[in-house]
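Chains as they are written, first to last, in this note's numbering: chain A, 3 to 400; chain B, 3 to 400; chain C, 3 to 400. In this text, a Cβ means the ideal position worked out from N, Cα and C, and glycines have one as well.
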Amino acid sequence: MVTDRPRLLLEQLGGLETNLHQQDFLLTWNHWTDELKAVLVVAEVLEELYRANVSTRVFESGLAVSNFRDKSTRTRFAFAGAANLLGLTVQELDESRSQIAHGETVRETANMISFLTEVIGIRDDIYLGEGHRYMASVAAAVEEGYEKGVLPQRPAVINLQCDLDHPTQTLSDLLHLQKTFGSLETLRGKKLAMTWAYSASYSKPLSVPQGIICLMTRFGMHVALAHPEGYDLQPEAIERAGQYAAESGGSFECLESMGEAFCDADIVYPKSWASCYTMENRTAALRNGDRAVLRKIEEAGLENNARFKDWECSKELMRMTREGQALYMHCLPADISGVSCERGEVAEDVFERYRLATYRQAAHKPFVIAAMMLLTRFEQPAELLRMLLARGESRRLM
Amino acid sequence: MVTDRPRLLLEQLGGLETNLHQQDFLLTWNHWTDELKAVLVVAEVLEELYRANVSTRVFESGLAVSNFRDKSTRTRFAFAGAANLLGLTVQELDESRSQIAHGETVRETANMISFLTEVIGIRDDIYLGEGHRYMASVAAAVEEGYEKGVLPQRPAVINLQCDLDHPTQTLSDLLHLQKTFGSLETLRGKKLAMTWAYSASYSKPLSVPQGIICLMTRFGMHVALAHPEGYDLQPEAIERAGQYAAESGGSFECLESMGEAFCDADIVYPKSWASCYTMENRTAALRNGDRAVLRKIEEAGLENNARFKDWECSKELMRMTREGQALYMHCLPADISGVSCERGEVAEDVFERYRLATYRQAAHKPFVIAAMMLLTRFEQPAELLRMLLARGESRRLM
Amino acid sequence: MVTDRPRLLLEQLGGLETNLHQQDFLLTWNHWTDELKAVLVVAEVLEELYRANVSTRVFESGLAVSNFRDKSTRTRFAFAGAANLLGLTVQELDESRSQIAHGETVRETANMISFLTEVIGIRDDIYLGEGHRYMASVAAAVEEGYEKGVLPQRPAVINLQCDLDHPTQTLSDLLHLQKTFGSLETLRGKKLAMTWAYSASYSKPLSVPQGIICLMTRFGMHVALAHPEGYDLQPEAIERAGQYAAESGGSFECLESMGEAFCDADIVYPKSWASCYTMENRTAALRNGDRAVLRKIEEAGLENNARFKDWECSKELMRMTREGQALYMHCLPADISGVSCERGEVAEDVFERYRLATYRQAAHKPFVIAAMMLLTRFEQPAELLRMLLARGESRRLM
Chain A
3 MVTDRPRLLL EQLGGLETNL HQQDFLLTWN HWTDELKAVL VVAEVLEELY
53 RANVSTRVFE SGLAVSNFRD KSTRTRFAFA GAANLLGLTV QELDESRSQI
103 AHGETVRETA NMISFLTEVI GIRDDIYLGE GHRYMASVAA AVEEGYEKGV
153 LPQRPAVINL QCDLDHPTQT LSDLLHLQKT FGSLETLRGK KLAMTWAYSA
203 SYSKPLSVPQ GIICLMTRFG MHVALAHPEG YDLQPEAIER AGQYAAESGG
253 SFECLESMGE AFCDADIVYP KSWASCYTME NRTAALRNGD RAVLRKIEEA
303 GLENNARFKD WECSKELMRM TREGQALYMH CLPADISGVS CERGEVAEDV
353 FERYRLATYR QAAHKPFVIA AMMLLTRFEQ PAELLRMLLA RGESRRLM
Chain B
3 MVTDRPRLLL EQLGGLETNL HQQDFLLTWN HWTDELKAVL VVAEVLEELY
53 RANVSTRVFE SGLAVSNFRD KSTRTRFAFA GAANLLGLTV QELDESRSQI
103 AHGETVRETA NMISFLTEVI GIRDDIYLGE GHRYMASVAA AVEEGYEKGV
153 LPQRPAVINL QCDLDHPTQT LSDLLHLQKT FGSLETLRGK KLAMTWAYSA
203 SYSKPLSVPQ GIICLMTRFG MHVALAHPEG YDLQPEAIER AGQYAAESGG
253 SFECLESMGE AFCDADIVYP KSWASCYTME NRTAALRNGD RAVLRKIEEA
303 GLENNARFKD WECSKELMRM TREGQALYMH CLPADISGVS CERGEVAEDV
353 FERYRLATYR QAAHKPFVIA AMMLLTRFEQ PAELLRMLLA RGESRRLM
Chain C
3 MVTDRPRLLL EQLGGLETNL HQQDFLLTWN HWTDELKAVL VVAEVLEELY
53 RANVSTRVFE SGLAVSNFRD KSTRTRFAFA GAANLLGLTV QELDESRSQI
103 AHGETVRETA NMISFLTEVI GIRDDIYLGE GHRYMASVAA AVEEGYEKGV
153 LPQRPAVINL QCDLDHPTQT LSDLLHLQKT FGSLETLRGK KLAMTWAYSA
203 SYSKPLSVPQ GIICLMTRFG MHVALAHPEG YDLQPEAIER AGQYAAESGG
253 SFECLESMGE AFCDADIVYP KSWASCYTME NRTAALRNGD RAVLRKIEEA
303 GLENNARFKD WECSKELMRM TREGQALYMH CLPADISGVS CERGEVAEDV
353 FERYRLATYR QAAHKPFVIA AMMLLTRFEQ PAELLRMLLA RGESRRLM
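In structure tokens, the structure reads:
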């Protein structure tokens, strides 16, 4: 049975100023705050309709191309679920993974895969300075193809994680916060600790922490970033987070201790990442195919990580949060000490306490991706969703 | 044009006691005989509707996850066809094959792939003692996820072959027998010879012979199992087959000669399998990644197989069956002497005589799998199928 | 909005004599000229309907099997788009690539993948003397399966490039010419230069040039084939092109200079291919798995190619064409000098001038493939398309 919630949400949607039709979704900071809110609203509507067994099939045919230049299970399934929910069929573009495609090839391939394509989802997070650039070049290519009449439609390019940002993740995280705390408004003034955590992996992308600090500061939150020396994020992200905090009435601070960040936090997001320095060297070495240098970078990276094994989200640290009750978040999979690794990002008892909550956090992603598809591909998303409600077709019979 | 048959079958379905909704389909012996009959009935209805060009699309969206931990062509296509027939889209979970996933990972991954998922089909037949355990842990994980509100629906786990049983195969086999001999009732009293046969492969799973003896004995058949010394099935399967035979008024005997088993048989199912002993050693060696030991096991297995090259389904043996007219069965691909191998499970002339019959035997599998999906996912399958009949939508226009 | 064009095209379709229902599409020269025209007409109707947002979903369920025995991006996406456009779901048959399957296996596998399958698309272009033979054996197998009641329907086998012909490419090319020059009639008397061009690759198939000369000569064009000594096409193709030209009032000549072929040409199609001789030796070596011989063949092939580096489609050569305005064609990807390779088939400035035109040439392929599917699977394609027009269902809402 459909509740009143979708109708209320659609009224909200009507009040938001958005310009997403025929656009891409690459970086949250390329979009107005109202556009981010629109993604959350549409995602919630789609989730409500799904649970009420109302079909949200808006395409009778059409392809959703996925291009994973790095391994992925979760995002692959979220993208597949999102496409399927709207009636699109996924076709994977499977390149040789090591190759960084250049100029002509990208431009041509982007058109060749797009003749009947509505969206192109890309994950390209291995090379610092490459991922976003690649997505932008695909977007430029399909833009040209559409304008010159080669393509019957303009596919939207959706960032499924690049070197700079991971918008489908961070917007799912924000939706999770909104649902946990009640509304976006209640998040205002809440403290979120985005902290580095130890892992025996040396090359995790910077996109999640960068995406989190640049997103949550826009909603009036107090964001504390903490990491050991040498694990700085890119200066542009730091600067941007500061500006957003100033504009929204929140705050942004950089700390060097996990404990300080956790102190009185309402939300903690402890997660490992590589140092900017390691990532830059690695990109150069990968590009040159220099295996010996790569091995050295890995060794140095791991050795440096090992100096900070005490950056683990423990029960003791959790006690320092607001009333010891902070919400623990993770984009999964987490490195859980004594479970998935010897020593990792989070203690077993802490993770187990929040395990199902992290699953719920992940559960929003298919709907967030579907919302991005819907907002970029349709001019009047609110009217479209109203039409789906009115049509009231069952997703499954009986 | 729709015949009367679907309506008659639906009446039968109404008389069966089943409790499959929100359940999995992992082992035939976990289910009541009426539930197995229900699978056959629904499979037949779906096949009739398909041939009458009536759409059986019951889902407007939804994923069917497949997880093949061993190579597969036939079952992969049968699963894909079944999902598609009901309106689901297949998304493959592609793991590294050598890895046996444990505890935490399985629990988490099972939920991550299930947010919009209706069924999960798994093949995991390489490791004795592992396959069924893995499927059961996936089922437990999605059960928890559903109960705790993480998942909007409870996906059904369907066994596409494990170490113990191969229910989609054996129920297709049973449907083939039913169609060939006229009805389940006429199978009562018929003799079926499930026999080992020679192959130059040393590690074929035990699931087909175990599944056959534990299924056919439930329907009043006289089942004769024959194999050379050392190729015993698991004691539990032997015991179970004996009990079923006793309950159904059939019989079950273990023999050591192909000829004895074939004598006056109505149906023969000659097929190679590994010895339980080989499989157990192999599982240990695979788990330790010990290639030298694996090679030795393979050599010993092949050497032992070679002692029984005369276990071939020949014309002479076929003459010993009831009036020389027994139905030959195989789950395919068969090792055909002089065709697909030098010396194998069956002589060329015998196979050629029954070649198209084995294709027909295989043809039921997509419908059997679709029936399992439908019975586990819908509370009132008979009403649902009646609704499809009444709706009468064409599967293909014109 | 639907224009009048589809209705006019459907009238044309009514006037064509075709017998494609329940057939395959393997080689253009196996089909009447009217059947080729029917493919073009139906492709154009489907493209018009797509652009007018009219759903062309004619299947509620059904599989389209793809079997790529060689790498492919463009054709893979074109096939996926075509299947999806009609409502079919692609299921890939993924074989080990090096294996040439024989007799029994092919016959059996073809049936096993076809229980719910409407079309089977195959690319097999590596082995001279093998590709077409393989497709024909798959076709014979499903024909037998259908006639003997194993298969509920007779899947159509569609050639996605074999050793002899590449009909989905050449018919897209012809549709491109028709659209560029106005009609099939205006192509009569036009000169097309199909010429070899230099590439640092030694084993490109012969199927495109053979397909082009055997197709364009049927429509009254003057086809000039040019290549260096040793790069002959198969004698059967040469003979066939000559006969077609004689019948249609066109002409066919074989030249040894790119310039001569380009002289006053209306259309140029400069493209590299291997010598027939190299391909034959290579097939033998591949079959024997003889890597040393293969390497030698490659070296000899490349060395020989290198003698003809001046066979490049340059600005100077383009000036020799009719008023310097010939249409440049390529099946993509082209080897562009200074862009995708040091020295290749075409100069950068020439390619850039026609870049978007080559994209448009490629854009027809999904619709050509969909047309083949529709014509082989439906008895009354014109009536079916009229029904789609009358139904007027939206492909995407709003």
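- Assignment of tyrosine 233/C by DSSP, reduced to helix, strand and coil, places it in the coil class.
- Here glutamate 231/C is exposed: its Cβ has fewer than 16 other Cβ atoms, across all protein chains shown, within 10 Å.
- Leucine 189/C is classed as buried because its beta carbon has at least 16 other beta carbons within 10 Å across all chains shown.
- Using a Cβ-Cβ cut-off of 8 Å, threonine 58/B is close to nothing in chain A; its nearest Cβ partner there is about 10 Å away.
- Per DSSP, the continuous alpha helix (DSSP H) segment holding cysteine 216/B begins and ends at 209 to 218.
- Boundaries of the beta strand (DSSP E) around aspartate 126/B: 119 to 126.
- Per DSSP, the continuous beta strand (DSSP E) segment holding serine 253/A begins and ends at 253 to 257.
- If you draw a straight line from the Cα of arginine 109/B to the Cα of alanine 141/B, it is about 9 Å long.
- Not a single C-beta of chain A is nearer than 9 Å to the C-beta of valine 140/B.
- Only exposed fits proline 237/C, as fewer than 16 other CB atoms lie within 10 angstroms of its CB.
- Listed along chain C are Tyr361, each with a C-beta nearer than 7 Å to that of glycine 147/A.
- Two segments are said to touch when three or more pairs of C-beta atoms, one from each, lie closer than 8 Å; by this definition the stretch 165 to 176 of chain C touches the stretch 206 to 224 of chain C.
- Contacts between asparagine 69/C and chain A, judged by CB atoms closer than 7 Å, are missing: the closest CB pair is about 16 Å apart.
- Annotated three-state conformation of glutamine 93/A is strand, per DSSP.
- Taking each of Leu358/A, Ser116/A, Leu387/A and Tyr361/A in turn and checking the Cα distance to alanine 372/A, the smallest one comes out for Leu387/A.
- Close to chain A, meaning a Cβ-Cβ distance shorter than 7 Å, is no residue of the stretch 17 to 35 of chain B at all.
- Between methionine 114/A and chain C, the shortest Cβ-Cβ separation is below 9 Å.
- The beta carbons of threonine 280/C and alanine 243/C sit about 21 Å from each other, so the pair does not count as a contact at 8 Å.
- The straight-line gap separating the alpha-carbon atoms of histidine 178/B and arginine 362/B is approximately 7 Å.
- When the alpha-carbon of arginine 345/A is set against those of Asn55/A, Leu48/A, Phe310/A and Met322/A, the nearest one is in Phe310/A.
- Taking every protein chain shown into account, the CB of threonine 5/A has fewer than 16 other CB atoms within 10 angstroms, so this residue is exposed.
- For histidine 224/B, the enclosing beta strand (DSSP E) covers residues 224 to 228.
- In this structure, Glu262/B is the residue among Leu329/B, Glu262/B and Arg355/B with its C-alpha nearest to the C-alpha of tryptophan 313/B.
- Residue nearest to isoleucine 160/C within the set Ala336/C, Ala84/C, Glu347/C and Ala226/C is Ala84/C (criterion: CA-CA distance).
- Against chain B, the beta carbon of glutamate 395/A has neighbours under 7 Å at Glu62, listed in chain order.
- In this structure, the CA atom of histidine 23/C is about 4 Å from the CA atom of threonine 378/C.
- When Cβ-Cβ separations below 9 Å define contact, valine 92/B makes contact with chain C.
- When secondary structure is reduced to three states using DSSP, threonine 280/C falls in the helix class.
- Threonine 58/C is a Cβ neighbour of leucine 51/C, given a cutoff of 9 Å.
- Phenylalanine 221/C is positioned such that its CB atom lies closer than 9 Å to that of leucine 176/C.
- Classified as buried, asparagine 69/B has 16 or more neighbouring CB atoms from the shown chains inside 10 Å of its CB.
- Among the residues facing chain C, proline 154/A is included, as its CB has a counterpart in that chain under 9 Å away.
- When the five nearest sequence neighbours on each side are left out, the beta carbons in the same chain lying within less than 8 Å of the beta carbon of alanine 228/C are those of Ala195, Met196, Thr197, Trp198, Cys256, Leu257, Glu258, Ser259, Met260, Glu262 and Ala263, in order along the chain.
- Cα atoms of serine 139/A and leucine 334/B: separation of roughly 49 Å, rounded to the nearest angstrom.
- Rounded to the nearest whole angstrom, the CA to CA distance from cysteine 278/A to histidine 332/C is 44 Å.
- Uninterrupted beta strand (DSSP E) stretches at least 3 residues long and entirely within the stretch 63 to 88 of chain C occur at 65 to 70, given in chain order.
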